[in-house]
Structures are given as C-alpha cells and as structure tokens.
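Protein chains in written order, with the numbering used here: chain A, 170 to 376; chain B, 170 to 376; chain C, 170 to 376; chain D, 170 to 376.
The beta-carbon is built from N, C-alpha and C at its ideal position, and this holds for glycine as well.
Note that this is a predicted model, so its numbers are computed, not measured.
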DNA sequence: AATGAATGAGCGTTCATTCAT
DNA sequence: GATGAATGAACGCTCATTCAT
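Put into structure tokens, the structure is as follows:
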C-alpha cells in the first residue's frame, strides 16, 4: 500500500528530516504558483539545501508533489481520526463529525486546494495511491453516518450522502471567493448541517 | 464585459472559424495532458494549422486557455438557458432544471473538468471574467429555486442550496472514478433530487 | 554605378511614389528602434500600405535599408552641391562650405546617425555603393579646400584635412550628448573653423 | 558606479574565467556579424560551453554585449592610464599621449568598432554606464592637454580639442577603408599631431 | 552526505517571406 | 496592382537532471 520515493540516502532519520523540510517549503511555493510554475531550484532553496541535495532525496520533480500530497492527506486523515469518535452512536456524533471536518477543511484550505489542483500531474500509480486515501476519508464519513442514523440506510444512499458532505467541506475552500463572502464558517456549517439533517429526516441537532 | 483576445487577422469570419478549430483541438489536448504539459505546437497541429498561423490568432499561449474556458462556459450557459424554463413556477420546474443541469454536466464533463483544473493558470483579469460566468450560472439556479418554492426562502439559504446543486453537478464529473462506479446517471440524479427535496421540505417529485 | 532594387511593378512613377512613402516611414522607425528591431509589417504600416504591397516594391527587408541609405545620401549630397560654390576661390569659400556642411549635419543628424549605425547590415555590394557616395562627399570637401588655399597642399594633407572636417561634422550629431551640452551650433562651428584655419596657417575668417 | 551582471554561479573566480571566455568569443562574432545577427548559441559555442552554461553567467543576451563593452573600455582605459604620464608637463607629453592613444586605437580597432556600433542596443542604464566611461577617457585627454599647454586655454576650447583628438583616434579604425589606404599609422599620427599643434599655436614636436 | 556547475532538449514566440485571391 | 492569411525556420531563454568534486 505504501508508495516509497526512492533515495540514495541511508540514514532514515535524515530522510525524514530532509523530506519534512522539502514538503514545508514546497507547499508554500505550490500554493502561490502551482506545481508547474515552481522550479526545483526554488524548492531546494525553500527547503534550505542545494539542488544537488534535493536530488539525493528524490528521483524526479514529481516525487516532491507526491510527497506533498501524501503529507497533506496524512495530516487531514490524522486530524479526522482524532476528531471522529467512532464509539459514540448518536446523531450528535454526526453533527460533531461534520463540524470537525468542516473546521479542518477551513484550516487546511490552502493545502487541500494545492493537492486537488495538482494531483492530475502525478503519475498513474501515485495518483491511484493518493486517491485511495481520499476514498478512506469518505469511508470514515460513511461509518459515522451509518452509526449515527436511527434507521437503516441503503449502501448507495450512504455513499451519496458521505460524498455530498465531503464536497461540501471542500466547497468552503474551493469556492471561497463566493462562500466566504456570504457566510461565516459558523453560519456555513450550521446551515449545511441543517440541510443535511432535513434530507436525512433527522431533527435538527441542538448544535 | 467582453474580453477580446487580440489578433492580427482582419477577417472576422475567419477569426471565428480558426478559433473554433483551435478550441476544439486544445480541449482534447488539455483534457489529456493539462494546459502546462501541452505545447503550442501541439495545439497548432491539433487545430490543423501551423505554429505561425496559431500566433496570428492569439498573442500568448494563455489566450488559448482563455478561449477554451470562454467557449465552454458559453456552451454551458447557452444550454442552461434553453433548458431552464423561467416561466413555469412549480416544484416540477426545479426538478427539471436540476435534471437538465446534471445531464449537461454529464455530457460536458471533460470540458468542465479541463476548465476547472486550469482556470488558475489564467491571468487575474481573465480569471475574474471566467469566474463571473460561473456566478451567472449559479444565479440562474437561484432563480429557478426561488420560483419553484411554495414558501419564501432566505437569501443565504437560497445561495447555499444553489451552490450545493452546482457542486453536485460538478461532482458527477470530477469524482467520476467514485460516483460513476456506484450510480448510473439516472440513479445519481434521482437520489440527489430526492435529498434536495427533502432538505427543502418539498414532497418528492413524480420524476 | 547605380544599384537598382528589383521590383515587379511596371509603372515607374508608381515605384518612385511608393518608395518615397516607404523611405519616409522607415527612417522614422529606424531612428527610433534601429533596423533590426523594426519589422517589415511596421514598415508597411508606416508607409501606408500592406505587407504584400511592400514586397511588390522590394525583394528583401535589406532593400528598404538600402533605399533609406541611398535616399539620405542623395539628400545630403544634393544639399552639399547646392551649398558649395565651386567657382569662388577664396578662403571665405572654405569657411562657408564648412559652415553649410555643419548646418546640414545638424539638420539631418537623425538620418545620418541611422545610416551610419546600420550600413554594416547591408550586403557587400550595397555597402560598397553607399560608401562610394561618402567618398564622393569627402571629395567635394577636398576640392573646396584645395581651391580655397593660397598655397599648394600635398595630396595626403588634403585628404586628411577633408576627412577631419567630415568627421567633425558627424561628431556634432553622433556625440550630441556631449557636444550639444557644451556648445551651440554657432559656437561649435566658429570654434572648429578657427582651429581648422590655424592648422592650415590661414588667418581667421571674418565669419 | 559598478554595474554588475547577475549570475547564479557562486564561484567568483569561475565567473571571471567564464566571462573572459565569453567576451573573447563574442567580440569576434560581433565584429563579423554585429550583435543582432549573432545568436546566443553561437556565443556559447564560441565561448566553449553550452547554451545552458552561458545563461548561468548572464541573464539576457544583452548582458553579453554589456560585458563586451565594459571589457573593451576597461582595457582601453587601463592602457591610457599607463601611457599618460600625468607628472610630466611639457608639449612632448601631449604628443606622446596622442601617439599612444592612436596606437591603442590601432591595436583595438575591431573591439572599438564593435562597441561603437552596438552600444545603442544596450538598455538605457547600461548605455549611460558605458558612455560615462567614454567621458572619463575624454577627460583624461583634457587633463593632458591642459597640462601641456604653455598658456591658459578656455574650458570650451579644451573640450573641443580633446574631443577632436578622441574622434581622430576612432577615425583611424572607423574609416579604415579610407585612411589606411592613404596613410601608414606613423604618417597618420605625425600628420594629425602636426595639424593639432598648429591649431594650438605650438611648435611642432621633435617626435 | 552535500554541493553547485554543467548540460541540452525543448519551450513560447517572432517575423521575413510567399502566394492565392 | 493590392491584399493579408499562411508559413516554419530560427530565435532567446528555461529548467529538470546529472555528476565530478
């Protein structure tokens, strides 16, 4: 499942350290100029080492993008796992999960935007790997929904609702020029949860 | 309002014709490799003329992207206008509009995907121009919703619902690897309309 | 001796007319941007006709430069001939000639500058043709000097003095950023004539 | 005062070395075909490295021209400084200075020709910088003249004479097709000094 | 393990010239 | 005679990648 980026460096600790520097530098750059407009020299500089060193830790420029995507997803997933209490089985749990997920999307909107706009530049393999992570995340939402509902929902409906919630979270960041002019984060969240609960025949939560 | 791409050609009819060739050729290319990975020579070749001729009809590579975005939105908008019957004021009207819009998104998913993944490469001005078209489209949905509802809806709710529908339409194309494996177009549409109507306290339409 | 630029047009009068338009347009352009930075399209536009028509009257872009150089020299030579009274044989004649020549260089400094900076771009033949005209002009100065002097001067000295006068005339235009800040045209002329006369053992003219 | 051409290379010694190669290669090329007709690839090849390496040491093609101009002037100035003995205050000093300057112009005629025909292609800033160096050189001549004269000369006359000497030196190279057919370097120098001394009311030197 | 100079394929763009109308 | 759309060789320049140190 894990897709490793080859390197000629032996020291695992160093690899970790250097790649963190790399991702940190690269995200900012990608955010501003996109993957294609960012040069490897810029990445090296932003990472605090030379172009030669950069290539000791990756094989191709694309590897940086992969590392960045992987990093972001890992961060997002990690946060979602913390946030979603799988044990609690009530409708409050659903609204909490949505609320937490939206908050996360708000905090990481730049990173998420970068990732979505650039995944297409990844190779088939890498793309598949990243997409799988996305599937995992949607699946987490599915579980929360299923657990929270007082009735049985069809597999299809479950998937659809989970995906809807998922894109509503992204929408906040992707369409920020529209949404964030009309709503505060709180308003947006409350209203989306309200619509969601009505569509699921649930009584609105006491937020 | 209109943003024209400068050209050194005088024959207006020819400009129209050549630019259509250009857009047609470019969309396919952008679909496959993205804007940045597509070379101007490839665009020229796909358009059926030489690189020199290409540059008689545009100033910069970016102009091609703008032309493509403009073309797509124009097509989408045109179709949406045909499809949405502004006179009819019933809930059927809403479900029809959503149905037609989803169908359109299904038919033009490649084009729409291209547009969304590449607008960011446009200059500030061009981007603003294209984004305005998107706003127009969302606004069309707002009008339909407002007209169809038997009750008064708040401005904010209206905007939110319209945007939700809008992204659900895109979702069908953008997340096709997920959605189109689970649903047929009909299923997807029916289920989304069902959720929508419930969230709006409307009784499900007789589709 | 005459170097004709081939054309496919039969009407001699038209050729004359069009080429005058051409030279007039081109000189301004060359003055501003130099020969290489000026495009044939710009020349055509500045001449008041299309690029197609331009090429009916010349074969290559270089022909325009030749025409321009030819035109300028012709104008300069013409003026010099008017100005130099070959009959009068006194030292006044020399100072008058120098004065007139300097005045001419002042009036045509842009044109002369253009010509000198661009002749090198001409083909060997054309360059030789244009250079011959320059020799003719220096020769005119030689004759005036010889006629004006009350004593016999060696061939070499004659050539040297004539060339000195010639470059002093150019200097006014070529080094204008230096000379024209220090001298008025009158001052410059008076002082140069003064130096010239002293170097020729002539008593200063009563200007 | 110093105008540096940016580079991405860190090793100062290497920069010096490579730029010398560059200037050497470029001068020959510019001599033959002029700046505009010379391609960057030709410059790279003549310099002994690849086009990529060329651009590690400059930013734009124009930088090469600037480097060439700068190099030539530096060389000329250096030589003039060696040659002009500022202490000695006699008329011999003047004739020696002129003699040395002419000799220098003879040796560097190609370089000087290149520079003068191409400075106009420099950007405003670079042109100003190069022109200042020329002013410096004329100023050196002014000082020699002033020191050599047994009488006081007006500021204007001083400037005029210095500029005359300056262009007479250039004339030997610029008008070589005329001058070098009529005179040997010695003859040309002797005769010009003779005319100069007469115009300054000095008795001819015993050269 | 780190450096950075070197490479050259390949890009976007220009423009002199042609030729069908 | 006049037009201007079409062409493509050639330009200046970039940048991912390599490799000797």
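Limits of the unbroken alpha helix (DSSP H) element including residue i
i                      : result
residue 302 of chain D : 293-317
residue 198 of chain D : 181-206
residue 285 of chain C : 278-287
residue 217 of chain A : Here residue 217 of chain A belongs to no alpha helix (DSSP H), and DSSP marks it neither H nor E.
residue 357 of chain A : 354-368
residue 173 of chain D : Counting along the chain, residue 173 of chain D falls outside any alpha helix (DSSP H), and DSSP gives it neither H nor E.
residue 334 of chain D : 324-343
8 Å Cβ cutoff met for residue i and residue j
i                      : j                      : result
residue 314 of chain D : residue 263 of chain D : yes
residue 227 of chain C : residue 174 of chain C : yes
residue 360 of chain B : residue 326 of chain A : yes
residue 344 of chain A : residue 278 of chain A : no
residue 373 of chain D : residue 317 of chain D : no
residue 281 of chain D : residue 342 of chain D : yes
residue 230 of chain A : residue 367 of chain B : no
residue 348 of chain B : residue 332 of chain A : yes
Integer Cβ distance of residue i from residue j, believed to fall under 8 Å
i                      : j                      : result
residue 334 of chain D : residue 371 of chain D : At roughly 13 Å, the Cβ-Cβ gap does not stay under 8 Å, so residue 334 of chain D and residue 371 of chain D are not in contact.
residue 195 of chain A : residue 233 of chain A : 5 Å
residue 203 of chain C : residue 287 of chain C : 7 Å
residue 336 of chain D : residue 340 of chain C : 5 Å
residue 235 of chain B : residue 198 of chain B : Residue 235 of chain B to residue 198 of chain B, Cβ: 15 Å. No contact.
Please list the segments of the alpha helix (DSSP H) lying wholly inside the segment 224-276 of chain A, counting only runs of 4 or more residues, in order along the chain.
-> Listed in chain order, they are 230-252, 260-276.
Between the segment 294-313 of chain A and the segment 223-230 of chain A, do three or more beta carbon pairs fall short of 8 Å?
-> no
Segment contact flag, the segment 264-275 of chain A with the segment 201-212 of chain A, C-beta cutoff 8 Å, min 3 pairs | No contact exists between the segment 264-275 of chain A and the segment 201-212 of chain A.
Is there contact between the segment 183-198 of chain C and the segment 344-354 of chain B, where contact requires at least three CB pairs shorter than 8 Å?
-> no
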